[in-house]
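Which chain is which? The protein sequence lines are A and B, in order. Going by the numbering used here, the first sequence opens with residue 1, and the numbers climb by one from there. Going by the numbering used here, the second sequence opens with residue 1001, and the numbers climb by one from there. Idealized CB from N, CA, C, for every residue including glycine. Beneath this line is the structure, given in structure tokens, with notes to follow.
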Amino acid sequence: MKIIGASVPRPDALDKVTGAARYPADLVKAGMLHAAAVFAHRAHARILNIEASGARALPGVHAVLTAADVPYNRFGLIVADQALLCEDVVRFYGDRVALVVADSAAIARDGAARVNVSYEDLPAVTSAQAALAPGAQRVHADRSNVLLHQKIRKGDVAAGFLQADVILEGKFTTGWQEHAYLQPDAGISYWEGEKLVLETAGQWLHEDRRQIAAMFEMPEENVVIRYAKIGGAFGGREDLSLPPLVALAAWKLRRPVAMVWNREESIIGHHKRHPFTITTKWGAKRDGTIVAAEIESIADGGAYASTSVEVLKCASIFACGPYSIPNVATDGIVVYTNNVPSGAFRGFGTPQAHFAAESMVTRLAHALGLDPADVRRKNLYKEGDIETTGHPLPPGVSVRAVFERCLEEKAARFALPARRPEPANSLRRGIGIACGIKNVGYSFGFPEQATATVELDATPAEIRGAIVRVGAAEVGQGAHLVLRQIAAETLELPLEAVRMVTDDSSEAPNTGSASASRMTFMGGRAVKDAAEAARRNWVAGAKPEATVQYRPPRTTPLDLETGDGIPNYCYGYSAQAVEVEVDVLTGVTRVLRVISVHDVGRAINRQQVEGQIEGCLAQAVGYALTENMPARDGKLLTPYFSTYLLPTTLDMPTEIYPVIVESADPNGPFGARGVAEMPLVPFAPAVAAAIFDATGAWVSDLPMTPERVLRAIEETRRRTTASAEALVR
Amino acid sequence: MARVEVEVNGTRHELEGVEPRLLLVHFLRERLGLTGTHIGCDTSSCGACTVLLDGKSVKSCTMFAVQADGRAVTTIEGLGSSAELHPMQEAFWAQHGLQCGFCTTGMIMSAVDLLRRIPNPSEGEIRAGLEGNLCRCTGYENIVAAVRAAAAALAAMETPKTIGELVEVGGR
């Protein structure tokens, strides 16, 4: 093997470094019409009237479209509960009520400002707790605010707590996180004969096509989705936001239309990571054996369903982290509110669950006077362990090896004096560790498949080249190169002899989404199988091509009351060690060093795996420390990059050690698992543990802003002083 | 409406009817079709629109096109071509200093200006110099490595040239 594992430079880099790469907003051409949306800018209200004559009278305005213009005015990834343009009620600030189409973007925006919508405000439900209160206002009149209440029951928690020598309780909250993909949402749409074409950015060609075809009541084959270069996604382009709007304008007016959102529109207009409130109680024996855990996780799903129920289930099955605990009771509840919808974001409920679980494991260790590493060693999953959902883990449980590797790296790299001299009076340093588990691919019986076609250019004597058709979104992660490497390796061809057809829903088959860390595993396996099948056909003298649909081992839905089920077919395991420096006068926390260890099964392209780890860590630093998105009465208060603080070069640690462990998955191509989400999973609790190590204070709310760190330090100081005084008395 | 005379990537442009409030970035993208300069925010926070103005980096969303009158602008399209990449472009490719690529062009322009000011920067100087450019994909590690590699490549290019000149002098 020569191409697998090699750090082959990415071919798309040439266009990206010269500016030749075309992102959606670069596709706008002279003569196109431009669309601008009229946003609701209120949390919950009934639409009384839409007065559009002022906009229509504006020279250059071609149309003002409303709900009546959408044939089937519903969409959504799992439940179609969202209107493209609201017909009677708006349910969050970013809801759209009208679309103005004009000769220029400036006129369209001007027109949008002249659309006068009269509303009757309705009581707004602006927190998950409010949504659950007795007699709460319904967000959707025809259904309960509770999207899902998932229980998981294993063993007997009451009996478990009786065996415990120490029982700790904890309450954790996490906030919204914005994807902040750097390329704001944009697209163009036009008719090509009988086909409606949409060129945009997304994460799943064929799912975008399914939802958009349904909205315009068109056969799916008459809708063509083409992805331009995609400027990041991270789960944020899984839900349709701008794309169906520009498609509506083109569909209706039968003219090419362009639409480009500014950053504020992008932030208020698309979903976020779910805020969670996790209330939890853990019990352990004196030797560190964890005997029981009780966890209630309440998530704010926002105004529309998106993927909330799946996120909640992931948060529920990982509520105990990667630990084998005999007695567990988890209650996960996700609700509708009048806040911004929550949905997929790198980690998919797992970072929130781990923040609580891993913090509790470290707290238990301190309460018992044990080393947090030893408590982990005692309880970490091993091969054959039963998940809380009642069945054995998928084979290849490597978390113990991953954790030991992390400890070795920590000993080697953090080996300077155990406690270095404090750089200044107010600066304190500390080290924290945490572990993580996250599924690769779709869970809970969701139909999981990936399809690829390989067409060989071959003479009877030799295979000269191949065309690989695979509908995999290249969101920046390097999927196209990795899939090409897999094809080249399988067919023993040089990389240049493999041509990829990937970005057009009518030219490439359905490979599923670029999400859930699944594309290398699922797309890669489909490409590998198709390449092998095409070669078999060639050897047999048949037409040298093949289309293969790969289906991984079966998963099943979870029983609502017990959680019984087989949730996943593959896991990625992680362990991290971080060193932080806290200024105890200001609460400002900096991450100085990170060791991030991941079992990726097999690194198809080492350089890109390391790139995924480093990039994901930047989002993890933001999630843990800087990215604060508060809301007031449903309104997001930091909808700009000037107020929503993404990590810069100066916020990132200068020492990052990505460590790749390769314990092959039995089904992944060449043993590959997945990596994209993994570094986000244990990071925040590792930082929390490091802050505790540095200051003696636990922070239980994400992000751990300076204010929160300072408050935690002050509260801890007050408690210590109080107990010291009590002792004196 | 204003008249703007500006040199962009070595070509002189004289444009009539420029709306005085038109930002330089929109002028470059919409009037000249130079879409390698990207728009990532609207608050001059992200740096995706960075270009060189008379050789110095500037966020092209922070100035009006009319302010570029009589001056020279270099965009990513003028830095190098796919046939002959600028060493900074070469380094971002080789060091895997990009993923989605959206921040890359602005990042490269900032880095070019950084090396103009500090030819052999320390890691701290590189990080401080690129603080105004956001990247959401890479975690910056490989971007810093790319700038370091480009600095070395540029330094190496300087040296042979000097030797070449000496040889030429000697041969005379």
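Cutoff 8 Å: residue i Cβ touching any chain B Cβ
i                 : result
Glu677 of chain A : no
Arg22 of chain A  : yes
Ile656 of chain A : yes
Arg469 of chain A : no
Ser642 of chain A : yes
Val257 of chain A : no
Arg405 of chain A : no
Tyr569 of chain A : no
Tyr181 of chain A : yes
Gly19 of chain A  : yes
Assigned exposure category for residue i - 16 Cβ within 10 Å defines buried
i                  : result
Leu48 of chain A   : exposed
Thr1105 of chain B : buried
His391 of chain A  : exposed
Val89 of chain A   : buried
Pro184 of chain A  : buried
Pro341 of chain A  : buried
Tyr93 of chain A   : buried
Glu294 of chain A  : buried
Ser144 of chain A  : exposed
Ala736 of chain A  : Residue 736 of chain A is absent from the model: chain A starts at 1 and stops at 729.
Arg114 of chain A  : buried
Residue i at chain A interface by Cβ criterion, 8 Å
i                  : result
Ile1108 of chain B : yes
Phe1102 of chain B : yes
Gly1017 of chain B : no
Ala1128 of chain B : yes
Cys1049 of chain B : no
Cys1137 of chain B : yes
Ala1111 of chain B : no
Leu1115 of chain B : no
Asn1120 of chain B : no
Arg1009 of chain B : The question names Arg, but residue 1009 of chain B in the sequence shown is Asn. Cβ-Cβ to chain A under 8 Å: no for Asn1009 of chain B.
Ala1065 of chain B : no
Thr1074 of chain B : no
Thr1062 of chain B : no
Asp1054 of chain B : no
Leu1022 of chain B : no
Endpoints, the alpha helix (DSSP H) within which residue i is located
i                 : result
Leu691 of chain A : Checking the displayed sequence, the identity of residue 691 of chain A turns out to be Ile instead of Leu. Leu680 to Thr695 is the span of the alpha helix (DSSP H), which, as asked, contains Ile691 of chain A.
Glu199 of chain A : From DSSP, Glu199 of chain A is part of no alpha helix (DSSP H) but of the beta strand (DSSP E) over Lys195 to Thr200.
Thr490 of chain A : Ala479 to Leu491
Asp599 of chain A : Asp599 of chain A -> not in any alpha helix (DSSP H); beta strand (DSSP E) instead, spanning Thr589 to Asp599.
Ala131 of chain A : Ala128 to Leu132
Unbroken beta strand (DSSP E) run spanning residue i, endpoints
i                 : result
Arg469 of chain A : Ile463 to Val470
Asn116 of chain A : Asn116 to Asp121
Ser574 of chain A : Tyr571 to Asp583
Ile437 of chain A : Leu427 to Asn439
Gly283 of chain A : Phe276 to Ala284
Ile78 of chain A  : Premise fails: Ile78 of chain A is in no beta strand (DSSP E) and is neither H nor E.
Asp457 of chain A : Ala450 to Ala458
Check: residue i C-beta below 7 Å from any heavy atom of the ligand ZN
i                 : result
Ile212 of chain A : For the structure depicted, the ligand ZN is absent and the ligand set is empty, with no information on it obtainable.
Margin query: Using 8 Å as the cut-off, can you tell me whether the stretch 680 to 690 of chain A makes contact with the stretch 426 to 436 of chain A, which would need three or more C-beta pairs spanning the two stretches below that distance?
Written below: yes
Next item on the list: Enumerate, from N- to C-terminal direction, the unbroken beta strand (DSSP E) stretches of 3 or more residues contained entirely within the stretch 302 to 359 of chain A.
Entry: 327 to 335
Next item on the list: Give a yes or no on contact between the stretch 190 to 199 of chain A and the stretch 467 to 483 of chain A, applying the rule of three or more CB pairs nearer than 8 Å.
Entry: no
Item checked: Cβ pair count under 8 Å reaching 3, the stretch 541 to 558 of chain A against the stretch 341 to 356 of chain A -> no
Item checked: 3-residue-minimum beta strand (DSSP E) runs that sit fully inside the stretch 1 to 74 of chain A, ordered along the chain -> 33 to 39, 45 to 51 and 61 to 65
Notebook entry, point to check: Mind pulling the alpha helix (DSSP H) runs of 4 or more residues that sit fully within the stretch 173 to 252 of chain A?
Noted result: 205 to 215
Note to self: Can you confirm whether the stretch 258 to 267 of chain A touches the stretch 308 to 325 of chain A when touching is taken to mean that 3 or more C-beta pairs between the two stretches lie within less than 8 Å?
What the structure shows: no
Check: Unbroken beta strand (DSSP E) runs of length 3 or more, entirely within the stretch 604 to 632 of chain A: which are they?
Finding: none
Check: What runs of the beta strand (DSSP E), each 3 residues or longer, lie entirely inside the stretch 490 to 577 of chain A?
Finding: 498 to 501 and 545 to 550
Check: Per the contact definition of three or more C-beta pairs closer than 8 Å, is the stretch 693 to 704 of chain A in contact with the stretch 1036 to 1044 of chain B?
Finding: no
Next item on the list: Flag this pair as touching only if the stretch 1059 to 1069 of chain B and the stretch 1019 to 1033 of chain B have three or more C-beta atom pairs under 8 Å; answer yes or no.
Entry: yes
Next item on the list: Please confirm if the stretch 93 to 113 of chain A is in contact with the stretch 59 to 77 of chain A, defined as three or more CB-CB distances below 8 Å between the two stretches.
Entry: yes
Next item on the list: Report yes or no: do the stretch 224 to 244 of chain A and the stretch 167 to 186 of chain A share at least 3 C-beta pairs separated by less than 8 Å?
Entry: yes
Notebook entry, point to check: Which runs of the beta strand (DSSP E), 3 residues or longer, sit entirely within the stretch 1007 to 1088 of chain B?
Noted result: 1011 to 1018, 1050 to 1053, 1056 to 1059 and 1072 to 1074
Next item on the list: For the stretch 503 to 514 of chain A and the stretch 439 to 458 of chain A, state whether three or more C-beta atom pairs, one from each stretch, are separated by less than 8 Å.
Entry: yes
Check: Between the stretch 631 to 648 of chain A and the stretch 685 to 702 of chain A, do at least 3 Cβ pairs fall closer than 8 Å?
Finding: no
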